[in-house]
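**Q** Numbering (this note's numbering) for the sequence shown: -11 to 337.
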Amino acid sequence: MLLNSKGFALLLATSIALITAAFLFLLDHIQFTVLVVAFCISFAASFLLIYVSLEFLIFKEIQNIYIGIDKINRKEFKSYTEQSIQSSKNPLKRLNQEIAAYAVRKQQEIEELRKLETFRREFIADVSHELKTPIFAAQGFVLTLLDGAVDDENVRYKFLKKAAKSLEGLNLLVQDLLVLSQLESGDLTMQLDIIDIQDLTKDVFEQLEEKAGKKSIELLLKNPKPEGVYITADPVRMTQVMTNLILNGIKYGNEGGYVAVYFKEDDQRMAVAVEDNGIGIPKEHIKRIFDRFYRVEKSRSKKQGGTGLGLAIVKHILEKHNAKISVQSVIEQGSTFSFKIDKGVPDKL
Ligand SMILES: Nc1ncnc2c1ncn2[C@@H]1O[C@H](COP(=O)(O)OP(=O)(O)OP(=O)(O)O)[C@@H](O)[C@H]1O
Ligand SMILES: [Mg+2]
């Protein structure tokens, strides 16, 4: 810097000393030595005063601003935010802190936007990939039929059925995506009601009986409560949560295994757990299974008709109920998904 604190202090001190000497010179009978001494003293005193105040009050703070900006550029937010939180009486220090806090906020917003942008890009790539598979499959069957297979009575029905199955998969995927986007945008509000989750689970069991039967998987209600198990939740969404969890238990369960649901209440909340003795989830995948499109074994999940959206939807719905899903799993032994939800007091009428 051309004018640092020393240069600035020298300039100002010289001017002050010159002005002082000039004033003294106006007095009568003033000796030259006195003038020189007065010049030197006022120069030294002014220089020291100005230099120290500039150095400690202004330039040091400006230096701190540079250090801070440098830290922000190097993304060392933590240390700088902590330092900038302490308030000070020095206006320059406060300004420095304000600048730092603002810069950190802006930098974090930029980071967040960048993350969102990457996420959006990945999401579009994932969605296109997932949509491509059933569309290509259905297209393949229809084209084969148009190419002449339609005249063969044996394959006609088979191909049409396969095309319909692919389109059904496509429909389910689009529906799941819609629900997920509505949940995330906040468009889907929960219609809270007091519901008997035990009854709801029995209904879900009925719906999935056939699927479970195909793998000889038993659907159990552990420790059933004759008086019912009441919670405060949106019945439609809670059915979706239980269906997803129980269906996963069946899909990733072993032949002849079980899926058990049980409830445990404490003072305010009801714990709901869905347990299976299926293939389990490797530790390193547990954190990610709630991400959309995430599947532990893509091939196995695909065979089961899975898109990897089920648990993402479950997580979102539960969050809207102030509940957090957790999972415990041991590979080859099974998994338990559980959450705690607000209890409900049923109407006595
Ligand atoms: N009970 C379970 N046992 C073992 N693995 C599971 C279990 N539940 C989920 N997973 C694993 O977590 C992944 C994500 O589950 P999620 O329900 O989100 O997707 P999906 O079942 O593949 O597809 P979708 O539910 O959308 O039809 C699954 O692909 C599977 O690998
Ligand atoms: Mg699933």
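Don't be surprised by glycine CBs; every beta carbon is placed ideally from N, CA and C. Quantities reported herein were computed from a predicted structural model and do not represent experimental measurements.
Using the three-state DSSP reduction, which class does Arg257 fall into: helix, strand or coil?
**A** On the sequence shown, position 269 is the one that residue 257 refers to. Three-state result, Arg257: strand.
**Q** Could you tell me the distance, in whole angstroms, from the CA atom of Ala126 to the CA atom of Ser204?
**A** Locating residue 126 in the sequence shown gives position 138, where the first residue counts as 1. Locating residue 204 in the sequence shown gives position 216, where the first residue counts as 1. The straight-line gap from Cα to Cα measures roughly 31 Å.
**Q** Ignoring anything shorter than 4 residues or poking outside the region 158 to 243, list the alpha helix (DSSP H) runs there in chain order.
**A** Fully enclosed alpha helix (DSSP H) runs of 4 or longer: 185 to 202, 223 to 239.
**Q** Roughly how many whole angstroms lie between the Cα atoms of Ser3 and Ala32?
**A** Translated into positions along the sequence shown, residue 3 becomes position 15. Translated into positions along the sequence shown, residue 32 becomes position 44. C-alpha separation (whole angstroms): 12 Å.
**Q** Take the Cβ of Asp222 as the centre, count every other Cβ of all protein chains shown within 10 Å, and call the residue buried at 16 or more, exposed below.
**A** Taking the first residue of the sequence shown as 1, we reach residue 222 at position 234. Buried, since its Cβ has 16 or more Cβ neighbours within 10 Å.
**Q** Starting from Gly322 and walking both ways along the beta strand (DSSP E), at which residues does that stretch end?
**A** Counting from one through the sequence shown, the residue named residue 322 turns up at place 334. Where Gly322 is concerned, the enclosing beta strand (DSSP E) stretches over 322 to 330.
**Q** Just to check, is the beta-carbon of Gly174 closer than 6 Å to a non-hydrogen atom of ligand 2?
**A** Start at 1 with the first residue of the sequence shown, and residue 174 comes out as number 186. Gly174: no, Cβ never under 6 Å from ligand 2.
**Q** What residue from Leu196, Leu306, Ile7 has the CA that sits closest to Ile329's CA?
**A** Counting from one through the sequence shown, the residue named residue 329 turns up at place 341. Here the closest residue by C-alpha is Leu306.
**Q** Pick from Asn265, Gln186, Lys308, Glu320: whose alpha carbon is nearest that of Leu171?
**A** One-based indexing of the sequence shown puts residue 171 at position 183. With distances taken between Cα atoms, Leu171 lies closest to Lys308.
**Q** Who are the near neighbours of Asp164 in its chain, counting only those whose CB is closer than 7 Å to its CB and skipping five residues on each side?
**A** Residue numbering aside, residue 164 sits at position 176 when the sequence shown is read from its first letter. Hits under 7 Å: Thr295, Leu297, Ile301.
**Q** Between Glu320 and Lys150, what straight-line distance do the alpha-carbon atoms span, to the nearest angstrom?
**A** Translated into the one-based positions of the sequence shown, residue 320 becomes position 332. Translated into the one-based positions of the sequence shown, residue 150 becomes position 162. Whole-angstrom Cα-Cα distance: 33 Å.
**Q** Can you name the residues that DSSP bridges to Lys252?
**A** Within the sequence shown, the letter at position 264 stands for residue 252. Paired residues: Ala259.
**Q** Flag this pair as yes or no: are the beta carbons of Ala9 and Ile38 separated by less than 7 Å?
**A** As a position in the sequence shown, residue 9 is number 21, starting the count at 1. As a position in the sequence shown, residue 38 is number 50, starting the count at 1. Cβ atoms of Ala9 and Ile38: not closer than 7 Å.
**Q** Relative to ligand 2, is the shortest distance from any of its heavy atoms to the C-beta of Gly338 smaller than 6 Å?
**A** The question about residue 338 has no answer, for the chain in this structure spans -11 to 337.
**Q** Please report the distance separating the alpha-carbon of Gly128 from that of Lys190.
**A** Start at 1 with the first residue of the sequence shown, and residue 128 comes out as number 140. Start at 1 with the first residue of the sequence shown, and residue 190 comes out as number 202. Those two C-alpha atoms are separated by around 40 Å.
**Q** State yes or no: is the C-beta of Asn84 within less than 7 Å of the C-beta of Asn52?
**A** Stepping through the sequence shown from its first residue, residue 84 is reached at position 96. Stepping through the sequence shown from its first residue, residue 52 is reached at position 64. Yes, the Cβ-Cβ distance between Asn84 and Asn52 is below 7 Å.
**Q** Under 8 Å by Cβ, that's how I've got Gly216 and Gly241 pegged, so tell me the actual separation to the nearest angstrom.
**A** One-based indexing of the sequence shown puts residue 216 at position 228. One-based indexing of the sequence shown puts residue 241 at position 253. Not quite, the Cβ-Cβ distance comes to about 27 Å (not below 8 Å), so this is no contact.
**Q** Count the other CB atoms, across all protein chains shown, that sit within 10 Å of the CB of Lys120; report buried if there are 16 or more and exposed otherwise.
**A** As a position in the sequence shown, residue 120 is number 132, starting the count at 1. Per the 10 Å Cβ criterion, exposed.
**Q** How is the alpha helix (DSSP H) around Val315 delimited, first residue to last?
**A** Against the sequence shown, residue 315 aligns to sequence position 327. Val315 -> not in any alpha helix (DSSP H); beta strand (DSSP E) instead, spanning 314 to 318.
**Q** Whole angstroms is fine: what's the gap from Gln195's alpha carbon to Glu263's?
**A** As a first step, residue 195 must be located in the sequence shown, where it is residue number 207. As a first step, residue 263 must be located in the sequence shown, where it is residue number 275. Rounded to whole angstroms, Gln195 to Glu263 spans 18 Å at the Cα level.
**Q** Please state whether the Cβ-Cβ distance between Gly390 and Pro122 is less than 7 Å.
**A** It is not possible to answer for residue 390, since the shown part of the chain is limited to -11 through 337.
**Q** Can you give me the Cβ contacts of Asp279 inside the same chain, cut-off strictly under 6 Å, excluding the 5 residues immediately before and after it?
**A** Looking up residue 279 in the sequence shown gives position 291. Cβ neighbours of Asp279 beyond the five flanking positions: none.
**Q** For Lys210 and Ile183, I'd like the C-alpha separation in whole angstroms.
**A** Along the sequence shown, read from residue 1 onward, the residue named residue 210 stands at position 222. Along the sequence shown, read from residue 1 onward, the residue named residue 183 stands at position 195. Spanning the two alpha carbons is a distance of roughly 19 Å.
**Q** Beta-carbon distances below 7 Å to any heavy atom of ligand 2 define the shell here; list its residues in chain order, please.
**A** Every residue passing the under-7 Å Cβ criterion appears here: Asn232, Leu235, Asn236, Lys239, Gly294, Gly298, Leu299.
**Q** Is Gly322 buried or exposed, if buried means 16 or more other CB atoms sit within 10 Å of its CB?
**A** Counting from 1 along the sequence shown, the entry for residue 322 is found at position 334. Gly322 comes out buried.
**Q** Tell me where the alpha helix (DSSP H) around Ala32 begins and ends.
**A** Here the question's residue 32 lines up with position 44 in the sequence shown. It spans 20 to 41 - the alpha helix (DSSP H) in which Ala32 sits, taken as one unbroken run.
**Q** What did DSSP end up calling Asp264 once you bin it into helix, strand or coil?
**A** Looking up residue 264 in the sequence shown gives position 276. Asp264: strand per DSSP, three-state reduction.
**Q** Could you give the first and the last residue of the continuous alpha helix (DSSP H) run that contains Gly245?
**A** For this step, residue 245 is matched to residue 257 along the sequence shown. Run containing Gly245: none; DSSP gives neither H nor E here.
**Q** Please list, in chain order, all residues of the same chain as Val40 whose beta carbon is under 7 Å from its beta carbon, the five residues on each side excluded.
**A** Looking up residue 40 in the sequence shown gives position 52. The answer is none, since no qualifying residue turns up.
**Q** Excluding five sequence neighbours on each side, which residues of the same chain lie with their C-beta closer than 8 Å to the C-beta of Arg108?
**A** Position 120 of the sequence shown holds residue 108. Cβ within range, chain order: n/a, list empty.
**Q** Closer than 6 Å: is that where the CB of Arg283 sits relative to any heavy atom of ligand 1?
**A** The residue you call residue 283 lines up with position 295 of the sequence shown. Within the cutoff, so yes.
**Q** So Ala91 and Ile55 are supposed to be a Cβ contact under 8 Å. How far apart are they, rounded?
**A** One-based indexing of the sequence shown puts residue 91 at position 103. One-based indexing of the sequence shown puts residue 55 at position 67. Their Cβ separation, rounded to whole angstroms, is 12 Å, which puts Ala91 and Ile55 out of contact at 8 Å.
**Q** Using the rule of at least 16 other Cβ atoms within 10 Å of the residue's Cβ for burial, across every protein chain shown, is Gly244 buried or exposed?
**A** Counted from its first residue, the sequence shown places residue 244 at position 256. Gly244 comes out exposed.
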